[in-house]
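Protein chains in written order, with this note's numbering: chain A, 295 to 673; chain B, 11 to 592. To start, the structure itself, in structure tokens.
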């Protein structure tokens with residue numbers, strides 16, 4: 295019996311038609327061919343029964359464990375394809391009222407165990423539209439690995455195109471080690487500024503072009519413009535979901551206008567508890583000493599225990615252009631120590647090849663002692 | 011459309027035909043001004059006899075043989091009887107005042123009839139039957155109130171299928187060995203349907219391979235004469251099974267390809283030698299029929315064994331890519347994306363894609379699964395119409411053999427498989443991120459993955475061997491090549507019984523010289539990182555002229571689980587040449 299306290303997986307039945315809803319906008323876009331309407335339900339059910347009889351797929355109704363009302367759908371398809379024996383494609387949807395309760399997480403868990411332990415499959419795969427964050431979160435929490443992005447492959451209504459993310463999970467994978475829960479971007483209230491998550495509406499406050507200072511010192515695509523913002527924000531959100539980064543907007547405490555960015559990223563590269571820090575200010579935010587306060591708050595958050603809501607990191611590192619003295623001063627002020635500088639190893643946004651300066655800060659460092667904050671901070 | 015003389019259309023048992031019809035008076039006349047459907051008449055009989063005597067008629071339609079005026083008369087009587095009993099309606103197709111064919115509706119179920127047709131040889135290929143069928147489909151749906159039309163034809167009867175396709179019929183499938191085959195025996199039956207609510211136009215384009223000229227080779231449709239003249243070798247039978255044809259079963263293969271093209275799913279070209287016309291191999295675009303992937307296609311290709319190694323596939327690929335991305339109004343396919351997936355072991359195919367500008371987007375683990383139960387991995391590639399294709403072309407960095415006093419540095423090969431699994435090596439486990447030594451049991455797989463890496467063109471690696479014994483002593487590589495920095499990262503490891511004799515230093519000096527040589531990698535900079543405290547490695551780097559530029563702390567987890575500090579080194583070409591001192 296595929297069952298949890300909240301849901302039960304069972305076959306779809308003819309009388310489920312009473313509960314069949316018209317697809318909402320999200321389902322229409324993402325689950326076009328998977329979801330029936332009240333008028334197509336009979337044929338939809340018959341097609342699936344036929345496909346199950348042919349051994350091509352398995353389809354379950356995700357039903358409320360108590361009322362037995364259908365809440366959603368989960369399938370294992372492509373069981374009959376040559377050259378992919380032992381492999382199945384996972385697909386699913388939930389009705390709007392059943393979303394946000396972790397039900398799909400439970401359903402996928404039940405199906406995964408059933409697929410690997412009862413059916414003897416060796417691999418599950420899934421595909422999501424790159425804009426479908428909710429579905430990707432289900433897969434990450436279930437331990438699926440994302441192995442590739444196909445660009446512009448999906449044709450959407452209205453002639454738009456979308457990228458497809460490809461996911462896999464092997465029976466031989468360490469599923470628990472691979473599970474990823476999204477990180478949290480906490481709002482941190484500081485003196486005069488607030489660190490908060492970026493919002494769609496921040497686009498209006500961004501410049502139309504990258505300014506000269508940013509071109510000179512930032513890697514390509516680090517700073518955003520109005521044009522690049524939507525894509526940049528989507529990437530930030532994906533890296534939060536992939537537990538790779540916590541990006542904050544440095545905003546004015548009173549107006550909430552964006553003044554800059556600070557991000558902890560590459561979480562878990564090198565060692566499991568290392569991460570890189572990156573930051574930039576918009577012209578309006580410069581010369582006000584904002585970064586040192588922001589950096590202190592971010593460092594505290596990064597080194598705080600997970601149990602207390604922090605990131606539980608032990609090491610932060612940063613890389614700057616050797617000529618970017620303001621940035622180096624910010625790092626030193628926060629207690630970072632320069633561990634090296636190299637030559638011709640750093641590429642700026644404008645394509646120049648320059649020298650780099652490298653910094654680190656360990657959780658065990660005495661930051662007060664190592665801090666070399668100048669009398670006036672600036673950037 | 012004109013419709014003359016209707017009367018008393020009472021839905022009968024089959025909801026189709028007038029009850030107590032009088033023939034020919036009750037047979038409605040349907041016309042579009044060029045093609046007219048009307049009742050059959052006596053004067054049609056001679057041309058019906060001509061129709062029945064034509065080989066293409068007898069190939070796909072079961073007709074009495076011999077077929078004379080008597081048989082035509084019998085047909086005429088049957089038509090009349092069916093009208094009068096309400097069990098079927100056949101019309102004569104009239105063009106330019108003459109019988110051009112017959113077309114009929116046969117009741118199959120309430121609201122459903124089967125459409126059938128045949129044309130006189132001298133009107134074929136002029137769209138006459140399509141026009142006739144269009145009239146009758148409209149009549150069936152709009153006047154008779156039918157909800158569904160079905161159609162069937164012998165597998166291979168392309169003329170019939172094209173008419174059904176033109177009118178928007180969906181092909182439902184093929185029922186094998188259920189129809190008279192041309193020349194005797196049995197062939198399959200195609201069957202399809204059209205609902206009243208559906209548009210009466212093709213669902214998907216009927217794909218036809220354009221003839222594309224590429225110099226020594228050209229692309230053209232396959233013909234019956236292109237039977238492969240060489241047997242399938244291992245790459246073809248493993249990687250291309252079912253895609254590449256064998257001599258045995260070629261007709262069936264060809265029919266299957268034509269079906270996929272007619273269904274809008276694929277375009278299959280023959281790669282032919284321009285001078286001899288010989289079929290060298292094939293190239294195809296497929297998965298073109300899925301609405302969700304509109305504008306995208308997958309690519310596959312193969313060559314017969316003797317045709318390989320001449321660049322024919324790259325030439326064919328260029329032709330297909332240009333044709334696929336060209337706008338429809340310029341004779342192209344107007345695609346925006348081509349994808350391909352390749353077994354990681356199929357290095358030849360990956361080479362074609364990478365040199366052709368395709369980007370790899372990732373590797374699937376655990377697919378495909380072969381008939382013998384073996385499992386491989388598969389790398390997926392893509393190329394977008396908007397990509398800078400030339401900037402994306404990649405090929406393996408040339409790997410010259412380097413000689414030193416005691417060593418020969420050359421590529422890893424089949425003969426370098428270790429005799430047994432590497433013994434635990436505490437020093438490597440504390441200083442490397444992964445186990446670098448090749449495994450004995452799965453050495454071939456390890457080597458394949460190394461060679462896949464080579465094809466990306468951003469790294470180069472040598473097997474360090476003993477000059478006399480030719481035994482592998484370790485490995486040395488330069489990675490991170492190809493960017494604007496003209497910089498590379500050196501890495502090396504030695505088997506534990508080769509350490510302490512200056513072998514790494516000797517190999518490193520040869521590689522550094524090659525890296526900075528204008529005839530070699532022509533780099534401006536090299537760097538390296540080593541676990542801090544790995545004094546042997548640090549000394550080796552220093553001896554080769556590298557300068558330590560920094561050391562960080564707690565930054566690296568070795569594969570024994572220990573977290574260590576890392577020391578970083580660099581060397582500029584100018585320093586190496588003595589123009590600068592570090």
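C-beta atoms are modelled at their ideal positions from N, C-alpha and C, and glycine is treated no differently.
query, result
"Contact check, residue 606/A vs residue 595/A, beta carbons under 8 Å", "no"
"Inter-residue spacing [alpha-carbon to alpha-carbon] between residue 597/B and residue 265/B", "What the structure shows of chain B is the stretch from 11 to 592, and residue 597/B is not part of that stretch, so it cannot be assessed."
"Euclidean distance between Cα positions of residue 191/B and residue 66/B", "11 Å"
"Interface residues of the region 223-246 of chain B facing chain A [CB-CB below 8 Å]", "none"
"Cutoff 8 Å: residue 213/B Cβ touching any chain A Cβ", "no"
"DSSP beta-bridge partners of residue 382/A", "418/A"
"Alpha helix (DSSP H) runs contained entirely in the region 512-545 of chain B, provided each spans 4 or more residues", "513-526"
"Residue span of the alpha helix (DSSP H) that contains residue 266/B, given as start and end", "260-272"
"Sequence ranges, beta strand (DSSP E) only - wholly within the region 376-450 of chain B, length at least 3", "388-394, 417-420"
"Neighbour flag for residue 250/B against chain A, beta carbons, 8 Å", "no"
"Opposing strand residues paired with residue 495/A [DSSP bridges]", "Bridge partners of residue 495/A: none, in fact."
"DSSP-derived helix/strand/coil call for residue 11/B", "For residue 11/B, the predicted structure reports a pLDDT of 30, less than 50, and the residue's modelled location is therefore unreliable. A value from the coordinates is still provided. In this structure, residue 11/B counts as coil in the three-state DSSP scheme."
"Minimum Cβ-Cβ distance from residue 339/A to chain B less than 8 Å", "no"
"CB contact check: residue 488/B to chain A, cutoff 8 Å", "no"
"Three-state secondary structure assigned by DSSP to residue 278/B", "strand"
"Closer than 8 Å to chain A by CB, residue 589/B", "no"
"is_contact[residue 347/B, chain A] using C-beta, thresh 8 Å", "yes"
"Which of helix, strand or coil DSSP assigns to residue 24/B", "Reliability of the predicted coordinates at residue 24/B is poor, the pLDDT of 42 falling under 50, and the value obtained from them is presented with this limitation in mind. Residue 24/B: coil per DSSP, three-state reduction."
"Limits of the unbroken alpha helix (DSSP H) element including residue 73/B", "Looking at the DSSP string, residue 73/B is not in any alpha helix (DSSP H), and its letter there is neither H nor E."
"Contact list for the region 557-571 of chain A against chain B, Cβ threshold 8 Å", "564, 565, 566, 568"
"Test item: CB-CB of residue 360/B and residue 238/B under 8 Å", "no"
"Chain A residues whose Cβ lies nearer than 8 Å to that of residue 497/B", "638, 639"
"For residue 301/A, the first and last residue of its enclosing beta strand (DSSP E)", "301-304"
"Of the residues 143/B, 248/B, 435/B, the one placed nearest residue 171/B, counting alpha carbons only", "143/B"
"Touching by the beta-carbon criterion (3+ pairs, under 8 Å), the region 580-593 of chain A and the region 551-561 of chain A", "yes"
"Residue burial classification, residue 336/A (beta-carbon count within 10 angstroms, cutoff 16)", "exposed"
"Short CB-CB distance (under 8 Å) between residue 669/A and chain B", "At residue 669/A, the pLDDT of 47 sits below 50, so the modelled position is not reliable and the matter cannot be decided from this model."
"Residue 130/B (DSSP reduced to helix, strand or coil)", "coil"
"Identity of the residue in 481/A, 626/A, 475/A, 559/A nearest residue 540/A by Cα", "559/A"
"For residue 485/A and residue 374/B, the rounded distance between their alpha carbons", "49 Å"
"Residue environment, residue 320/B, which counts as buried when at least 16 other CB atoms sit within 10 Å", "exposed"
"Alpha-carbon spacing of residue 278/B relative to residue 261/B, whole angstroms", "15 Å"
"Nearest-angstrom Cα separation, counted from residue 268/B out to residue 197/B", "15 Å"
"Proximal residues to residue 608/A (C-beta, below 8 Å), its chain only, five neighbours per side dropped", "565, 567, 568, 597, 656, 657, 658"
"Beta-carbon spacing of residue 502/B, residue 537/B below 8 Å", "no"
"Whether residue 537/A touches residue 561/A by CB criterion (8 Å)", "yes"
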